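The structure under discussion appears below in the form of structure tokens.
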Amino acid sequence: MNTSLNIEKLIAYAKIHLLLDEADEIYVRNALVQELKVTGHEIYEVNEDELETLGSPYSIIDPLLSYAVEKGICAENEKPLLAAKLMDIVSLRPGEIEDTFESLEKNPAKAFEWAFDYAQKNGSTRTDFTKWDNKGVNLEVVFDEAESGDKCTLCVENEGLGEHRNERYIMLNALGDWYYKAARHAYFKGMAHIVSSEHGAGAIDESTLNTMFDFIEFAPTMFILTGDDMLSKHAHFVCGNSLLPIHKAGDKLKHKNKEYPYINITETDWLTSAVKLGCTNRGKLIEFTMKLVGSFKKEFGDGKMLVSVRKVESKFIVDLAFTVGEPKREHSMLAKVDTLALAGLFRIGGFVDAKLKEIEKYLTKEVRFTPMCLKDGMEAFAEMIDTLLKEAGGNKLGAVEAALDVKEECKKNLAAQLSDIAAYSDIKNFTENL
Ligand SMILES: [Zn+2]
Numbered sequence: 004m005n006t007s008l009n010i011e012k013l014i015a016y017a018k019i020h021l022l023l024d025e026a027d028e029i030y031v032r033n034a035l036v037q038e039l040k041v042t043g044h045e046i047y048e049v050n051e052d053e054l055e056t057l058g059s060p061y062s063i064i065d066p067l068l069s070y071a072v073e074k075g076i077c078a079e080n081e082k083p084l085l086a087a088k089l090m091d092i093v094s095l096r097p098g099e100i101e102d103t104f105e106s107l108e109k110n111p112a113k114a115f116e117w118a119f120d121y122a123q124k125n126g127s128t129r130t131d132f133t134k135w136d137n138k139g140v141n142l143e144v145v146f147d148e149a150e151s152g153d154k155c156t157l158c159v160e161n162e163g164l165g166e167h168r169n170e171r172y173i174m175l176n177a178l179g180d181w182y183y184k185a186a187r188h189a190y191f192k193g194m195a196h197i198v199s200s201e202h203g204a205g206a207i208d209e210s211t212l213n214t215m216f217d218f219i220e221f222a223p224t225m226f227i228l229t230g231d232d233m234l235s236k237h238a239h240f241v242c243g244n245s246l247l248p249i250h251k252a253g254d255k256l257k258h259k260n261k262e263y264p265y266i267n268i269t270e271t272d273w274l275t276s277a278v279k280l281g282c283t284n285r286g287k288l289i290e291f292t293m294k295l296v297g298s299f300k301k302e303f304g305d306g307k308m309l310v311s312v313r314k315v316e317s318k319f320i321v322d323l324a325f326t327v328g329e330p331k332r333e334h335s336m337l338a339k340v341d342t343l344a345l346a347g348l349f350r351i352g353g354f355v356d357a358k359l360k361e362i363e364k365y366l367t368k369e370v371r372f373t374p375m376c377l378k379d380g381m382e383a384f385a386e387m388i389d390t391l392l393k394e395a396g397g398n399k400l401g402a403v404e405a406a407l408d409v410k411e412e413c414k415k416n417l418a419a420q421l422s423d424i425a426a427y428s429d430i431k432n433f434t435e436n437l
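Count the sequence shown with this note's numbering and you get residues 4 to 437, in order.
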């Protein structure tokens with residue numbers, strides 16, 4: 004492996020994708036060479052064509068990280084930290100990012116697209132997750148661990164720290180004290196966080212709704228959503244370009260409220276109780292939304308909500324989901340129901356993924372299923388295994404068919420989780436008799 008060549012590739016990549024100024028080239032080269040403790044660095048000609056098509060820097064960074072581990076410059080578990088450092092060296096400073104964003108702001112959709120693309124290109128946003136295609140039950144499933152840890156990863160004070168070193172916050176002047184930050188783990192196109200400048204809880208109230216509407220007036224091609232768990236520690240929203248399952252769900256029934264006859268109230272054909280409100284008048288729509296929220300909170304103090312705002316043609320659309328309680332035990336072994344799940348996007352972690360792979364082996368008979376298999380966490384899947392084996396009816400399934408059956412059964416369980424916690428069966432009464 005030629006480390007000098009890889010460093011030159013990284014510099015060329017940064018010139019193509021990260022707006023690295025030629026005037027900064029020597030400075031950046033020396034910073035990289037020192038960070039990687041390379042002696043006798045040589046400058047190479049790089050084939051730029053092969054770098055043009057790269058969507059992320061990993062194929063250039065990975066050999067440099069292996070080199071660093073080999074030379075004892077960093078430990079194996081410090082690779083993410085070193086990767087963030089190297090990518091920070093070749094990226095624009097936060098102020099330069101803000102200036103570029105502002106220069107594009109006349110076309111906010113373009114500005115956000117640029118910011119998200121930049122985060123992908125500088126390696127601070129990952130998008131390469133295994134996903135299930137959204138066929139059959141209208142749900143998205145992504146394989147990834149939910150981010151955990153006590154330290155708040157949203158506070159702007161963390162900008163530049165540790166593994167967050169190459170992340171960039173962009174102050175959104177149109178919203179006041181709110182920042183844009185592409186999500187570290189982006190599960191859909193343009194997934195980003197709109198983050199309050201101060202650490203602290205928020206609530207689904209008028210001021211939160213006003214911030215959401217401000218965002219949509221600024222960027223009408225996007226959606227923005229939040230929910231109780233996103234507001235609990237550090238108030239924030241998730242925004243994106245591609246619609247989520249709840250947005251794509253069809254209409255079930257139309258209702259009318261006498262006080263607000265000009266608001267279109269549509270019961271959503273969704274897995275848990277949900278409504279869509281449509282109106283061109285922002286003020287009236289916020290007022291009516293707050294009435295529904297107030298009525299819900301009064302009836303179900305511990306209930307959880309999702310609220311999303313977007314625009315379709317000239318109308319604002321507010322999507323609301325209302326849930327209460329916990330899903331039934333036999334449905335809840337696959338994934339947690341958080342705000343994204345209320346919108347139809349579930350995350351399945353590595354532990355569960357391994358169990359699902361094992362269950363596929365019972366269906367292909369690579370492993371013989373006996374009650375003895377129900378240990379080390381497999382107990383939770385007993386009912387699912389039973390259903391799947393019954394469906395297979397003693398037949399030995401092919402690997403593809405086994406995987407398909409497991410996927411379908413999982414989606415049924417995830418859908419059931421959402422219907423378990425529906426707060427209302429009678430949306431008509433809820434929306435018409437406030
Ligand atoms: Zn915070």
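Glycine included, each C-beta is placed from N, C-alpha and C at the ideal position. Owing to the predicted nature of the structure, the values given are computational and were not obtained by experimental measurement.
Any non-hydrogen atom of ligand 1 within 7 angstroms of residue i CB
i	result
Cys-242	no
His-258	no
Leu-157	yes
His-196	no
His-3	Not covered by the structure: residue 3. The range shown for the chain is 4 to 437.
His-237	yes
His-202	yes
As assigned by DSSP and simplified to three states, the class of residue i
i	result
Met-233	helix
Val-159	helix
Asp-408	helix
Met-526	Any question about residue 526 goes unanswered here, given that the chain covers just 4 to 437.
Ala-118	helix
Ala-418	helix
Cys-413	helix
Tyr-16	helix
Leu-359	helix
His-334	helix
Cys-77	coil
Tyr-61	helix
Asp-389	helix
Ile-46	coil
Arg-68	Sequence inspection shows Leu at residue 68; the Arg mentioned does not correspond to that position. Correct three-state label for Leu-68: helix.
N-terminal and C-terminal residue of the alpha helix (DSSP H) that residue i is part of
i	result
Lys-287	285 to 302
Val-31	28 to 38
Ala-204	Unbroken run through Ala-204: none, as it is neither H nor E.
Glu-55	52 to 55
Gly-98	97 to 107
Phe-221	209 to 221
Thr-373	No alpha helix (DSSP H) contains Thr-373, which DSSP labels as neither H nor E.
His-250	248 to 251
Glu-435	430 to 435
Classification of residue i by the beta-carbon crowding that lies within 10 angstroms, buried from 16 upward
i	result
Arg-102	Note that residue 102 is Asp in the sequence shown here, rather than Arg. With fewer than 16 Cβ atoms within 10 Å of its Cβ, Asp-102 is classed as exposed.
Tyr-265	exposed
Phe-319	buried
Gly-179	exposed
Asp-423	buried
Arg-332	exposed
Phe-325	buried
Ser-94	buried
Phe-354	exposed
Tyr-61	exposed
Ile-29	exposed
Ile-100	buried
Asn-110	exposed
Gln-420	buried
Gly-380	exposed
Ala-15	buried
Asp-322	buried
Ile-46	exposed
Gln-123	buried
Cys-155	exposed
Ala-426	buried
Ala-357	exposed
For residue i, the residue or residues it bridges with in DSSP
i	result
Lys-257	Thr-269
Cys-242	Ala-195 and Ile-227
Val-145	Lys-134 and Arg-350
Met-174	Tyr-182
Arg-129	His-188
Ala-425	Thr-326
Residue range of the beta strand (DSSP E) that includes residue i
i	result
Val-315	307 to 315
Val-321	318 to 326
Lys-279	277 to 282
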